[in-house]
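Each remark here refers to the structure printed beneath this line.
In my numbering, the protein residues as written are -19 to 376.
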């Protein structure tokens, strides 16, 4: 997602601007992974009052399904449930982003507004429209919900928020590496949860900037089996299902417990940095640029969502010795349906195992895990076969 962010007021909510004074605004946003920690730091630094809806759960999903049209994808249902829960707990200003292309995310905010108004809720909706804007409009969005005009508070808020994103992603990467190798099961996850708490409670700009190095150093204290042969699997697909453990049924933990090192190809920090930074600040090829380059034999242009990232990352994985790819997508997701059909050809041409998992409220845990286990067995056999072939060629 290559451009900046822009705030766009939807006409049906613009009347709320004068009705909600700055001091009375209570801000909320949808849950997705641990986005709550950095956004909380950012908004509180700007003096906002906030409501954080509960983490996604069975109750949230049931609430979203009850109030959504049939056939709409899982992320929308949970986003809507998050809004309802936040409004019930005192929120009156909702934040959301939308995107162009074939991804229906571009219409979600309007759909959610109509639904929520029919349910009797009154609120203001601030929409970040990706691909179109400049930092000026991004700052205007936060001014709109906080009325903060203090430059230091913006510096502190954005520094805290962004560096907390970087720290959370670093803790996740370390957990992905150590989990399949740890001697004492569950130790990597305990370290991760410990650091989540530290990240959440750190509110000094200097202190939060030091967290990444501290996290790397601390995880080295975990005792691992250095001789264990650990296959590496890329986890890729639609943004929301990749980042929310409830939605993807905690697949990262399941894979780690099966002895697989997960490398998730979309991380919050990389995505945000690329969205907000002008391209001339990049000294190296961005993740999206790399994906476009590697996908060129299968896709000529991006069509929205994470479609071209899914294809490009799979080709990249095959050409860089990765053992397999798991593709996650919500049921009826239009961009990922396109990538799903392309991936069968990529898998055959590039000789890399690919498993696509389609998620909705009907997805059963047992069948889901059975498919993952079968895929892991395939990946391990292929890795062992390749290893034996290399040994035989060396002996010859």
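Idealized CB from N, CA, C, for every residue including glycine.
Rounded separation between residue 33 and residue 367 - CA only: Answer to the nearest angstrom: the Cα atoms are 48 Å apart.
From 364, 342 and 336, residue whose alpha carbon lies closest to that of residue 351: Among 364, 342 and 336, the Cα nearest to that of residue 351 belongs to 336.
Nearest-angstrom Cα separation, counted from residue 178 out to residue 192: Approximately 12 Å between the Cα atoms of the pair.
Unbroken stretches of the alpha helix (DSSP H), 4 residues or longer, contained in the segment 35 to 92: If we require 4 residues or more, the alpha helix (DSSP H) runs fully inside the segment 35 to 92 come out as 38 to 46 and 54 to 68.
C-alpha gap between residue 346 and residue 306, whole angstroms: 17 Å
Residues bridged to residue 382 (per DSSP): With the chain covering only -19 through 376, there is no way to say anything about residue 382.
From 196, 160 and 48, residue whose alpha carbon lies closest to that of residue 356: The shortest Cα separation from residue 356 among 196, 160 and 48 belongs to 160.
Residue 410 - DSSP class collapsed to helix/strand/coil: This structure leaves residue 410 out entirely; the chain is present only between -19 and 376.
Contacts around residue 51, its chain only, beta-carbon distance under 7 Å, and the 5 residues preceding and following it disregarded: 312
For residue 19, three-class secondary structure by DSSP: Here residue 19 sits in helix by DSSP.
Own chain partners of residue 46 with C-beta closer than 6 Å, once the 5 adjacent residues on each side are dropped: none
Through-space distance from residue 252 to residue 269, alpha-carbon basis: 15 Å
Segments of 4+ residues assigned as alpha helix (DSSP H) that fall wholly inside the segment 171 to 213: Runs of the alpha helix (DSSP H) inside the segment 171 to 213: 185 to 189 and 191 to 199.
Distance between residue 57 and residue 96 (C-alpha atoms, nearest Å): 12 Å
Rounded straight-line distance, which links the Cα of residue 156 to that of residue 205: 15 Å
Delimiting residues of the alpha helix (DSSP H) encompassing residue 272: Taken as a continuous stretch (DSSP letters only), the alpha helix (DSSP H) holding residue 272 covers 267 to 274.
Cβ-based neighbour list, residue 234, same chain, cut-off 7 Å, excluding 5 preceding and 5 following: Closer than 7 Å at Cβ, skipping near neighbours: 349 and 352.
Proximity winner among 75, 99 and 129, relative to residue 108 (alpha-carbon distances): 75
Whole-angstrom distance between residue 201 and residue 209, CA atom to CA atom: 20 Å
As assigned by DSSP and simplified to three states, the class of residue 356: Helix at residue 356.
Those residues which DSSP pairs with residue 217 across a bridge: According to DSSP, which records beta bridges pairwise, residue 217 is partnered with 308.
Cβ-based burial, residue 151 [other Cβ within 10 Å; buried from 16]: Around the beta carbon of residue 151, 16 or more other beta carbons lie within 10 angstroms, which makes this residue buried.
Whole-angstrom distance between residue 154 and residue 213, CA atom to CA atom: 15 Å
DSSP-derived helix/strand/coil call for residue 103: In this structure, residue 103 counts as coil in the three-state DSSP scheme.
Reduced DSSP category for residue 346 - H, G, I as helix; E, B as strand; rest coil: helix
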